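S.K.: My questions will all concern the structure given below.
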Amino acid sequence: MMTAFLDQISARLTATGIPAQLIEEAYDPSQPHHGTLIFQADCLTLRFTRDHGQDFLDIATALAPREFYWFGDIEVAMGWGSLERILSRAAAPPIDEVINRLGQHVAELRKAFFKNIDHFTHARIARTMRRPDSRTHSSRPTP
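Numbering-wise, the sequence shown is residues 1 to 143 according to my numbering.
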C-alpha cells in the first residue's frame, strides 16, 4: 500500500518541479493505510503522512530538521490561504492539490524559512574562528 503512496507523492513532486529525495519511509505492515514518507527538497524536509485514508504534509527546515509544521498552518501564516477556508474543510484536501500549492510557493517558502541563513552562517564561522582563550570571556552561560 505504501508503494502506491510513494509513487503518487514522487510523481506529483516531479510534476510540480520540486526535486526531492526520499530519506525515510515508515509504516506498519499490519496497518496498510497508515505510513510516513520523508523527503529532502534542498533546505526543506517534507513529511507526508497517510492516516485513515487522509494525507497530510508537514514541513521542517535544515535549521530545525525535526520541528515540523502542518502545511495548512504555513498557508495561513504566509497569507496564501484563510483560516476560514482551512476550518471549513470536513477532511484533509487531496494531497495532489496540496503539493500543487506547495509548488506554487516553494521559492517563497524557502526564502521565508531561510531569510536569516547568512546571519547564522556568519555566526557559525565566527564561533569556529574564535581563539581558544577568548571562550572564557563569553557572556553565554556554560552548560
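Think of the CB as a built atom: it goes at the ideal place given N, C-alpha and C, for glycine as much as any other residue. Being a predicted model, the structure only gives us computed values, none of them experimental.
(1) Determine which residues share a DSSP beta bridge with Asp55 and list them.
(2) For Ile18, which three-state DSSP category applies?
(3) Could you check whether Leu63 and Phe48 sit closer than 8 Å to each other, using their CB atoms as the reference points?
(4) With a threshold of 8 Å on Cβ separation, who are the neighbours of Gln8 within its own chain once the five nearest residues in sequence on each side are excluded?
(5) What is the DSSP secondary structure of Gln8, reduced to helix, strand or coil?
(6) Going by the DSSP bridge assignment, what does Glu25 pair with across the sheet?
(7) Given a cut-off of 8 Å on the beta-carbon distance, is the pair Thr14 and Cys43 in contact?
(8) Using only alpha-carbon positions, find the residue among Phe5, Leu6, Ala4, Arg12 that is nearest to Gln104.
(9) Could you spell out the range, first to last residue, of the beta strand (DSSP E) harbouring Arg66?
M.R.: Once the coordinates are examined:
(1) Arg50
(2) coil
(3) no
(4) Ile95, Asp96
(5) helix
(6) Leu37
(7) no
(8) Arg12
(9) 64-70
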